[in-house]
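>
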Amino acid sequence: MFHEAFHIACRITCPACDKAEVRRTSFNEVLADHFATCILMPKEWVEEYWPMVQDVPALADRFDVPTRQMRRRLNQLSLL
Numbered sequence: 002m003f004h005e006a007f008h009i010a011c012r013i014t015c016p017a018c019d020k021a022e023v024r025r026t027s028f029n030e031v032l033a034d035h036f037a038t039c040i041l042m043p044k045e046w047v048e049e050y051w052p053m054v055q056d057v058p059a060l061a062d063r064f065d066v067p068t069r070q071m072r073r074r075l076n077q078l079s080l081l
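Residue numbers (this note's numbering): 2 to 81.
1) If the criterion is Cβ atoms closer than 8 Å, does the pair residue 61 and residue 67 meet it?
2) For residue 74 and residue 42, what's the separation of their Cα atoms in angstroms?
3) DSSP three-state label for residue 79, please.
4) So, is residue 47 buried or exposed, given that buried needs 16 or more other C-beta atoms within 10 angstroms?
5) Could you tell me if residue 53 is buried or exposed, where buried requires 16 or more neighbouring beta carbons within 10 angstroms of its beta carbon?
6) Would you identify the three-state DSSP class for residue 52, choosing helix, strand or coil?
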């Protein structure tokens, strides 16, 4: 849902994004994924809970996200 909200916000605030080329579309998808990741797994919360949990599936359950996405977020934050 947050991923799609990003696209809607881009269309409203930046009409040029709505007419993006194929190259930019994939970049917009990366931005939308990152936006959703930051909303669902805020850096401060992940950094706070990770030392206590130290288990990717358990932390994914805590944030209610897929394990694969949790692992990606932990890598982004250099926690894995």
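In this text, a Cβ means the ideal position worked out from N, Cα and C, and glycines have one as well. All values derive from a computational prediction rather than experimental measurement.
On the basis of the data shown:
1) yes
2) 8 Å
3) coil
4) buried
5) exposed
6) helix
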